[in-house]
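Take a look at the structure below.
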Amino acid sequence: MDSIWLPVLQLTEIEGQLIITGHSLGGSVASLFTLCLLDGNLLKPKCRPFCITFGSPLVGGFDLQHSIWNSFFLHVVSNQDPVPGLFLPSGRGRSTPTSSHSQTTGYKPFGTSLLCSELVCACFDNPDLILGLLKVISSEVAGGLQDVDYGEILRNLKKRAICKGLPQVGERFADPFTAGIIMDLEIIGFDQTKLLQHNIDIETVISTMKAEARNLTQKNKASDAKKLNEIKIDMTQVELYKKNSKGLNMGYYDCFKNQVSKRDIHVEQFRVNLTRYWEDMVAQVQRKPHKEGATFRTRWLYAGMVYRRMVEPLDIAVFYVEGGTDYMKNKRSAHYKLLQQWYEEDVKPPSGDKLDSKKQKVSSILTEDSCFWAHVEEAILSCELLKSANSTLEQRKSSWDNLVKFEKYIMEQINNYAVSPEIFLVKSSFMKWWGVYEDYIYTSNNSYGSPLISFMKNGCYTEYR
């Protein structure tokens, strides 16, 4: 079993687009392998696989037909190749594709199908229409299985990349949707006469497709609007919690960490709801192909950034209360990493003018590094190791090095006005760290000096607002 999965694990390290192809029955294997990679979420977001099959039999059922992975599959089918309809029931049905085909076979097309004649092609993604066309091909191609040269078909298509289609089709139908489908069918040899011979009423099929498209659009709009409203309410509750926590001189991170009142417990449900929503949003983006740099629209990038900066500190609080260490390595959720990566790829670093603007607004900002409190908690642990009589020399040296790095990190955040003034509240974890750290330097007669030590000892932090 290990020998089978070793190449798969090696694929997870690649950079760039992974394209999986297969011909005939090999196409079925390619489809199943692609589904395995997608289901296991094994590849990096920018390396999602794309599967192209040539003359492949159907492998899917109803669940795959409705999968959000549809956009990862392109099935190339010749109108002279009966293999794609290999597992369909024999004989001609006597009803439209939208009724009988769904009931007579467990196989349902998924993804996009590129149906080709010798010189032209057309794309379809309606599963019932594709299923009907495959049945027509299977019943009309004489001589059983044939060896179709898909390479030659693709070469011909490349030479004829621009196809003007059939102008007269547009004149027969005022509706562009109907005209487009009829034209696509006719250029690959499926005129209405042939379809009617196989009892496929294309106008009925098109009407059904229109209704499904309208219903799906309305359903998605209603569902998205409802979810968005619910999430806005939850985010507003967390923002209100953050605002009210300032009066306790510890900020919302430490309020949630200490769980001193009922409202600290209530905010947990808001955290769970928001996390579930954004994990789902990120998963959907991962599963859909996208151009680099166009993962999320700007408004979603901004909303995801606000969510990450507001909610991830609560996750960090839970992690360290439960005794965890090294949050960045051991616990940080992949959806936080991706939201941060996508935002940073889209947003330019601030200029000098923008830094001045940030200085003026610093009193109301969210700390930009959503992992800030994880760095603070690790610094507290390093101080404890320094003071512990049971620590080894190596542990103390490592802890001291970590604290020096932490100091530089903190001053960088302060100089860039990237942290909220909340970190300087009397009962905050940061001030707790500073108290322990200052005491260690004093009691150990350490003459070490740094910009952060000067900043704190001189009380400059009281003017950071």
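Mapping of the sequence shown onto the UniProt record's numbering: residues 1 to 465, in sequence order. For every residue, glycine included, the Cβ atom is placed at its ideal position computed from N, Cα and C. Nothing here was measured: the structure is a model prediction, and the numbers come from that model.
What did DSSP end up calling residue 451 once you bin it into helix, strand or coil?
On the sequence shown, residue 451 is found 451 positions in, with the first residue counted as 1. It is helical.
Stretch-stretch touch, CB-based, cutoff 8 angstroms, three pairs: the region 336-343 with the region 444-460:
Under the Cβ criterion (8 angstroms, minimum of three pairs), the region 336-343 does not count as touching the region 444-460.
Just to confirm the assignment, what range does the alpha helix (DSSP H) spanning residue 335 have?
Position 335 of the sequence shown, counting from 1, holds the residue named residue 335. Secondary structure note for residue 335: its alpha helix (DSSP H) is the uninterrupted segment 334-346.
Taking residue 265 as the reference, which of 300, 236, 278, 318 has the closest Cα?
Counting from one through the sequence shown, the residue named residue 265 turns up at place 265. Checked all of 300, 236, 278, 318; the closest Cα to residue 265 is 318.
I need the straight-line Cα distance from residue 199 to residue 51, nearest angstrom please.
On the sequence shown, residue 199 is found 199 positions in, with the first residue counted as 1. On the sequence shown, residue 51 is found 51 positions in, with the first residue counted as 1. Straight-line Cα distance between these residues: approximately 32 angstroms.
Please go through the same chain and pick out, in chain order, the residues whose beta-carbon is closer than 8 angstroms to the beta-carbon of residue 191, but skip the five residues on each side of it.
Mapped onto the sequence shown, residue 191 falls at position 191. Closer than 8 angstroms at the Cβ level, and outside the excluded window around residue 191, lie 185.
Residue 383 and residue 436: beta carbons closer than 7 angstroms?
As a working mapping, residue 383 is identified with position 383 in the sequence shown. As a working mapping, residue 436 is identified with position 436 in the sequence shown. Result yes, Cβ atoms of residue 383 and residue 436 sit closer than 7 angstroms.
Sequence-distant residues of its chain with Cβ nearer than 7 angstroms to residue 56 (five each side left out):
Here residue 56 refers to the residue found at position 56 of the sequence shown. Only 22, 24, 27, 28, 31, 75, 84 meet the Cβ criterion.
CB-CB under 8 angstroms to residue 449, same chain, minus the five flanking residues each way: which ones, in chain order?
Indexing the sequence shown from 1 puts residue 449 at position 449. Short of 8 angstroms from the beta carbon of residue 449, and not among the five residues preceding or following it, lies no beta carbon of its own chain.
Taking 6 angstroms as the limit between beta carbons, can you name the residues of its chain near residue 468, skipping five residues before and five after?
The shown model of the chain, from 1 to 465, leaves out residue 468, and the question about it has no answer.
Are there three or more Cβ pairs, one per stretch, closer than 8 angstroms when the region 362-369 is compared with the region 415-429?
Counting C-beta pairs closer than 8 angstroms gives three or more between the region 362-369 and the region 415-429, which meets the contact rule.
Between which two residues does the alpha helix (DSSP H) holding residue 34 run?
As a position in the sequence shown, residue 34 is number 34, starting the count at 1. Its alpha helix (DSSP H) spans residues 25-40.
N-terminal and C-terminal residue of the alpha helix (DSSP H) that residue 443 is part of:
Counting from 1 along the sequence shown, the entry for residue 443 is found at position 443. For residue 443, the enclosing alpha helix (DSSP H) begins and ends at 429-443.
Using 10 angstroms around the beta-carbon of residue 271, count the other beta-carbons present and answer buried if the total reaches 16, otherwise exposed.
Within the sequence shown, residue 271 is the residue found at index 271, counting from 1. Of the residues assessed, residue 271 falls on the buried side of the cut-off, its CB having 16 or more other CB atoms within 10 angstroms.
For the beta strand (DSSP E) holding residue 121, just list the boundary residues, first then last.
Taking the sequence shown and counting its residues from 1, one reaches residue 121 at position 121. That run of the beta strand (DSSP E) goes 121-124.
For residue 99, which residues of its own chain have a beta-carbon under 6 angstroms away from its beta-carbon, when the five flanking residues on both sides are left out?
Your numbering for residue 99 matches position 99 in the sequence shown. With a pLDDT of 45 at residue 99, under the threshold of 50, the modelled position of this residue cannot be trusted, and the question is left open.
Where do the ends of the beta strand (DSSP E) carrying residue 77 lie?
Taking the sequence shown and counting its residues from 1, one reaches residue 77 at position 77. It spans 73-78 - the beta strand (DSSP E) in which residue 77 sits, taken as one unbroken run.
Please identify the residue among 72, 136, 326 whose C-alpha is closest to the C-alpha of residue 39.
For this step, residue 39 is matched to residue 39 along the sequence shown. Looking at 72, 136, 326, the one whose alpha-carbon comes closest to that of residue 39 is 72.
Alpha-carbon spacing of residue 194 relative to residue 133, whole angstroms
In the sequence shown, the residue the question calls residue 194 occupies position 194. In the sequence shown, the residue the question calls residue 133 occupies position 133. Cα to Cα, the separation comes out at about 10 angstroms.
Is DSSP giving residue 398 helix, strand or coil here?
Taking the first residue of the sequence shown as 1, we reach residue 398 at position 398. Helix, per DSSP.
Between the alpha carbons of residue 246 and residue 463, how many angstroms are there, rounded?
Locating residue 246 in the sequence shown gives position 246, where the first residue counts as 1. Locating residue 463 in the sequence shown gives position 463, where the first residue counts as 1. Those two C-alpha atoms are separated by around 17 angstroms.
Any idea if residue 121 is buried or exposed, counting beta-carbon neighbours within 10 angstroms, 16 or more meaning buried?
As a first step, residue 121 must be located in the sequence shown, where it is residue number 121. The residue in question, residue 121, is buried, as its Cβ has 16 or more Cβ neighbours within 10 Å.
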